[in-house]
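Right, one structure below, let's go through it.
The following block contains the structure:
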């Protein structure tokens, strides 16, 4: 975790993100092939590459399509940061994939794990159908014994979670089940009871330390 080629901004997030424990929870096999969905500037991609080893492969995906100009600017800024990080750290096992979520160019049945870190809520708060369709499509990329890992900001059912950028844990479980997954394990590793789930996740008062859930799903038989 303390590798000199890691970005300082990433290292500063470790205390609240607890990446070593999160990756242990993922239970990646040696030489794992992993998709980091919406990798942004590659916080998890770097660490997943180390965990998968020299025989592994990390696909760091970032989207290309949006109708919002500010989103476009942010996407390209984050994508540029990821490309720079891959070059500086010589991450030869990380491939930056620029694609729409619905058309990720990865072979079916080829992945050991897919990580959705703080992204599922954006789909779920739009429509259930969209979130279910996303997970169904991701399921086709997994090996039969592959895993879907979901980290997200916990919300309450009676709140405006679209504005808060949150989602209830039970909603995440329900959507995954509807998409053909079964919950294998969950962890309170990233829980923060001091977060009352009433503030948007970007509120400076939270200092990024939101109450988050951590779930591991497998394909239903």
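In the working numbering, the protein residues as written are 38 to 258. Glycine included, each C-beta is placed from N, C-alpha and C at the ideal position. Because the structure is a prediction, the values reported are computed rather than measured.
Going by Cα to Cα distance, which pick from 205, 225 and 258 is closest to residue 162?
Here residue 162 refers to the residue found at position 125 of the chain shown. Comparing Cα positions, the closest option is 205.
Report the residue from 151, 194 and 172 whose alpha carbon sits nearest the alpha carbon of residue 184.
Numbered from 1 along the chain shown, position 147 holds the residue referred to as residue 184. The candidate whose alpha carbon is nearest that of residue 184 is 151.
Leaving out five residues before and five after residue 221 in sequence, what residues of the same chain have Cβ atoms less than 8 Å from its Cβ?
Here residue 221 corresponds to residue number 184 of the chain shown, with the count starting at 1. Only 184, 253, 254 and 255 meet the Cβ criterion.
Local Cβ density within 10 Å of residue 45, reported as buried at 16 or more and exposed below that:
Indexing the chain shown from 1 puts residue 45 at position 8. Residue environment for residue 45: exposed (fewer than 16 other C-beta atoms within 10 angstroms of its C-beta).
Helix, strand or coil: which one does DSSP assign to residue 31?
Examination of residue 31 is not possible in this model, given that the chain is present from 38 through 258 alone.
Which word fits residue 181, buried or exposed, when buried means at least 16 other C-beta atoms lie within 10 angstroms of its C-beta?
Here the question's residue 181 lines up with position 144 in the chain shown. Classified as exposed, residue 181 has fewer than 16 neighbouring CB atoms from the shown chains inside 10 Å of its CB.
Could you please give the first and the last residue of the uninterrupted beta strand (DSSP E) stretch that includes residue 98?
Start at 1 with the first residue of the chain shown, and residue 98 comes out as number 61. Start and end: 94-99.
Could you name each continuous beta strand (DSSP E) segment of 3 residues or more that falls completely within the segment 122-166, going from the start of the chain to the end?
Within the segment 122-166, the complete beta strand (DSSP E) runs of at least 3 residues are 131-135 and 148-154.
With DSSP as the reference, identify every bridge partner of residue 219, one or two as the case may be.
Start at 1 with the first residue of the chain shown, and residue 219 comes out as number 182. According to DSSP, residue 219 bridges with 255.
Am I right that residue 178 and residue 218 are in contact with their C-beta atoms under 8 Å? What's the rounded C-beta distance?
Translated into the one-based positions of the chain shown, residue 178 becomes position 141. Translated into the one-based positions of the chain shown, residue 218 becomes position 181. Contact annotation, residue 178 with residue 218: C-beta distance approximately 13 Å; criterion of less than 8 Å not satisfied.
Candidates 142, 143, 246 and 69: closest to residue 231 by CA position
Translated into positions along the chain shown, residue 231 becomes position 194. Closest by alpha carbon: 246.
Closest to residue 236 by C-alpha separation, out of 248, 228 and 227, would be which residue?
Translated into positions along the chain shown, residue 236 becomes position 199. Nearest neighbour of residue 236 by Cα position, chosen from 248, 228 and 227, turns out to be 248.
Proximity winner among 199, 229 and 186, relative to residue 210 (alpha-carbon distances)
Residue 210 sits at position 173 when you count from the first residue of the chain shown. Out of 199, 229 and 186, 186 has the C-alpha closest to the C-alpha of residue 210.
On the DSSP letters alone, give me the boundaries of the alpha helix (DSSP H) that residue 238 sits inside.
Along the chain shown, one-based indexing puts residue 238 at 201. No alpha helix (DSSP H) holds residue 238; DSSP gives it neither H nor E.
At the level of alpha carbons, what is the spacing between residue 240 and residue 85?
Along the chain shown, read from residue 1 onward, the residue named residue 240 stands at position 203. Along the chain shown, read from residue 1 onward, the residue named residue 85 stands at position 48. So the alpha carbons of these two residues sit roughly 28 Å apart.
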